[in-house]
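Numbering (this note's numbering), first residue to last: 7 to 400. Have a look at the structure below, then the notes.
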Amino acid sequence: MTATNVRPSPDAEAMTAAVTAAIRTVEANIDAFGTRYPADTTVANRYPLRPPTAGQPEGANVGWTTSFWPGMLWLAHDLTGDERYLQAAQSHVDSFADRVRGGIDLDTHDLGFLYTLACVTPARRTGDRRARDAALAAADHLMTRFLEPAGIIQAWGDLADPRQRGRTIIDSLMNTPLLYWASQTTGDDRYATAARRHTAQLREHILRPDGTTFHTFYWDAETGAPLRGETEQGHGDDTCWARGQAWGIYGFTLNHRYTGDPTLLAAASTCADHFLARLPADHVGYWDLEFGDGSGEERDSSAAAIAACGLAELAGSVADAARAKGYRDAAQRILRSLVDNYAAGGPMDSNALLLHGVYDKPKGIGVDEGTLWGDYFYLEALTRATIPGWTSPW
Ligand code: GLY
Numbered sequence: 007m008t009a010t011n012v013r014p015s016p017d018a019e020a021m022t023a024a025v026t027a028a029i030r031t032v033e034a035n036i037d038a039f040g041t042r043y044p045a046d047t048t049v050a051n052r053y054p055l056r057p058p059t060a061g062q063p064e065g066a067n068v069g070w071t072t073s074f075w076p077g078m079l080w081l082a083h084d085l086t087g088d089e090r091y092l093q094a095a096q097s098h099v100d101s102f103a104d105r106v107r108g109g110i111d112l113d114t115h116d117l118g119f120l121y122t123l124a125c126v127t128p129a130r131r132t133g134d135r136r137a138r139d140a141a142l143a144a145a146d147h148l149m150t151r152f153l154e155p156a157g158i159i160q161a162w163g164d165l166a167d168p169r170q171r172g173r174t175i176i177d178s179l180m181n182t183p184l185l186y187w188a189s190q191t192t193g194d195d196r197y198a199t200a201a202r203r204h205t206a207q208l209r210e211h212i213l214r215p216d217g218t219t220f221h222t223f224y225w226d227a228e229t230g231a232p233l234r235g236e237t238e239q240g241h242g243d244d245t246c247w248a249r250g251q252a253w254g255i256y257g258f259t260l261n262h263r264y265t266g267d268p269t270l271l272a273a274a275s276t277c278a279d280h281f282l283a284r285l286p287a288d289h290v291g292y293w294d295l296e297f298g299d300g301s302g303e304e305r306d307s308s309a310a311a312i313a314a315c316g317l318a319e320l321a322g323s324v325a326d327a328a329r330a331k332g333y334r335d336a337a338q339r340i341l342r343s344l345v346d347n348y349a350a351g352g353p354m355d356s357n358a359l360l361l362h363g364v365y366d367k368p369k370g371i372g373v374d375e376g377t378l379w380g381d382y383f384y385l386e387a388l389t390r391a392t393i394p395g396w397t398s399p400w
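So, in structure tokens, the structure goes:
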């Protein structure tokens, strides 16, 4: 058989079909959303526009998830080479520049999620100065949340809010790439130093000795002493919230990539090994790893999508070939299950790419729905699977 006669594997065919379906939905959403933003999650499997908040109209750029939409547009450009996706992605830069300049909803560590996808990517790819300046302004703002002497970045809210003071969360590991980029871009090591200290504190305290993770952890902001773990979106303070564990896999791996610190790679492997050990038969875990098949609880497809990306990244970082293969195979199994069992059927079915995520079960928000971040990481996992050597935006 000549090379041209070789049929793609069933897995490759399934991935190609999944990319085609996802791109159809992204295309339809460009027309529907324009430069406005969908809500964090779907309602009955359809994204409405982001609801109006105090002083901000419907569809405004507020909250922590808006950048996943331009992030998907950049992925669509990678997957198709079609310039229309690049134009659509680039059209969001103004909104993010206005947001940071106007001080709109910036009291969050999630500036990393927001500005890495929406502004660092165009700054890197097209040399867009406005995007670069907005991302640097966001990095400066993130630095105002760095608390001495604890050496952590406060996650949420006003720095003086007693409920949030000194508190950080595992998701923040995904926000430090903005700081490493800022140091690389400016030559000023302050950003990377803060990121390194923050990550070391999470490795020390948010990762438990049994390989599970706390969702959030408090430090005494005055003395820097570590205090206690507490959940916000998990089942209990001592259980392991599935998405947090997935953020741990991907986040510790990325922080290792930027620092070369082997203890961060070990932390990522620890998170991965526990996550994989808790997966049910179809490889897509329940929203808290406490639960298994027969629990009657919902799965969180978004945690699975994040883990698929994190495991693929981890596989490229560990030196041991057998471990690397184990992580790569696990990433493929998870992605295949998402494609076969959790992906939406196309724009008529849903304007989400991936169904059956859970945002916040304890508060009853976005339970068994599509999520913007689940869609983004699902498309990133498909991109990783179909474009060998693809360069991640993180
Ligand atoms: N970063 C917030 C969440 O994962 O729900």
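Beta carbons are placed, not taken as given, at the ideal position from N, Cα and C, and that holds for glycine.
Rounded straight-line distance, which links the Cα of residue j to that of residue i
i           : j           : result
residue 38  : residue 214 : 44 Å
residue 311 : residue 169 : 31 Å
residue 8   : residue 14  : Any reading at residue 8 must be qualified, since the residue scores a pLDDT of 44, below 50, and its modelled position is unreliable; the value itself is stated next. Answer to the nearest angstrom: the Cα atoms are 13 Å apart.
residue 267 : residue 105 : 34 Å
residue 87  : residue 237 : 42 Å
residue 355 : residue 26  : 15 Å
residue 91  : residue 98  : 11 Å
residue 179 : residue 258 : 7 Å
residue 132 : residue 302 : 48 Å
residue 189 : residue 29  : 34 Å
residue 107 : residue 270 : 34 Å
residue 276 : residue 198 : 24 Å
residue 341 : residue 228 : 44 Å
residue 387 : residue 100 : 28 Å
residue 382 : residue 73  : 9 Å
residue 165 : residue 150 : 9 Å
residue 392 : residue 379 : 20 Å
residue 285 : residue 323 : 23 Å
residue 243 : residue 216 : 15 Å
residue 201 : residue 12  : 47 Å
Among the options, nearest to residue i - alpha-carbon criterion
i           : options            : result
residue 279 : 158, 58, 50, 248   : 248
residue 234 : 252, 211, 203, 112 : 211
residue 186 : 47, 240, 146, 292  : 146
residue 49  : 315, 398, 399, 365 : 365
residue 241 : 273, 340, 288, 297 : 297
residue 232 : 224, 239, 238      : 224
residue 177 : 205, 200, 150      : 205
residue 319 : 281, 363, 260      : 260
residue 159 : 66, 89, 230, 100   : 230
residue 174 : 56, 209, 389, 193  : 209
residue 156 : 383, 207, 191, 182 : 207
residue 75  : 270, 218, 384, 288 : 384
residue 127 : 300, 376, 95       : 95
residue 59  : 273, 43, 73, 239   : 43
residue 34  : 17, 47, 53         : 53
residue 399 : 193, 115, 256      : 256
residue 372 : 337, 293, 334, 16  : 293
residue 220 : 228, 226, 55, 239  : 239
residue 291 : 321, 344, 192, 377 : 344
residue 129 : 154, 148, 184      : 184
residue 397 : 369, 333, 263, 272 : 263
residue 203 : 102, 77, 265       : 265
Residue i, enclosing alpha helix (DSSP H) - first and last residue
i           : result
residue 39  : 16–39
residue 342 : 327–343
residue 91  : 89–96
residue 254 : 248–265
residue 225 : Here residue 225 belongs to no alpha helix (DSSP H); instead the beta strand (DSSP E) covers 222–225.
residue 210 : 196–211
residue 269 : 268–283
residue 182 : 182–192
residue 127 : 127–132
residue 136 : 135–149
residue 118 : 117–121
Endpoints, beta strand (DSSP E) assigned at residue i
i           : result
residue 99  : No beta strand (DSSP E) contains residue 99, which is instead part of the alpha helix (DSSP H) from 99–108.
residue 317 : No beta strand (DSSP E) contains residue 317, which is instead part of the alpha helix (DSSP H) from 307–321.
residue 236 : 232–236
residue 363 : 363–366
residue 386 : It is not in any beta strand (DSSP E) - residue 386 instead sits in the alpha helix (DSSP H) that spans 378–392.
residue 84  : Here residue 84 belongs to no beta strand (DSSP E); instead the alpha helix (DSSP H) covers 74–86.
residue 395 : Element bounds for residue 395: n/a, residue is neither H nor E.
Residue-chain proximity (residue i, chain E), Cβ-Cβ < 8 Å
i          : result
residue 91 : No chain E is part of this structure, which consists of one protein chain only.
Any non-hydrogen atom of the ligand GDP closer than 7 Å to residue i Cβ
i           : result
residue 292 : The ligand GDP is absent from the structure shown, which contains only the ligand GLY.
Practice task
Kindly confirm or deny that the stretch 291–311 and the stretch 344–352 touch, where touching means at least three C-beta pairs closer than 8 Å.
Solution key: yes
Problem - Three-pair Cβ contact test at 8 Å for the stretch 113–120 versus the stretch 79–93 - result: no
Handout entry: Any 3 or more C-beta pairs closer than 8 Å across the stretch 169–179 and the stretch 134–142
Key = no
Practice task
Please confirm if the stretch 21–38 is in contact with the stretch 317–337, defined as three or more CB-CB distances below 8 Å between the two stretches.
Solution key: no
Handout entry: Inter-stretch contact (C-beta, 8 Å, three-pair minimum) for the stretch 55–72 and the stretch 101–115
Key = yes
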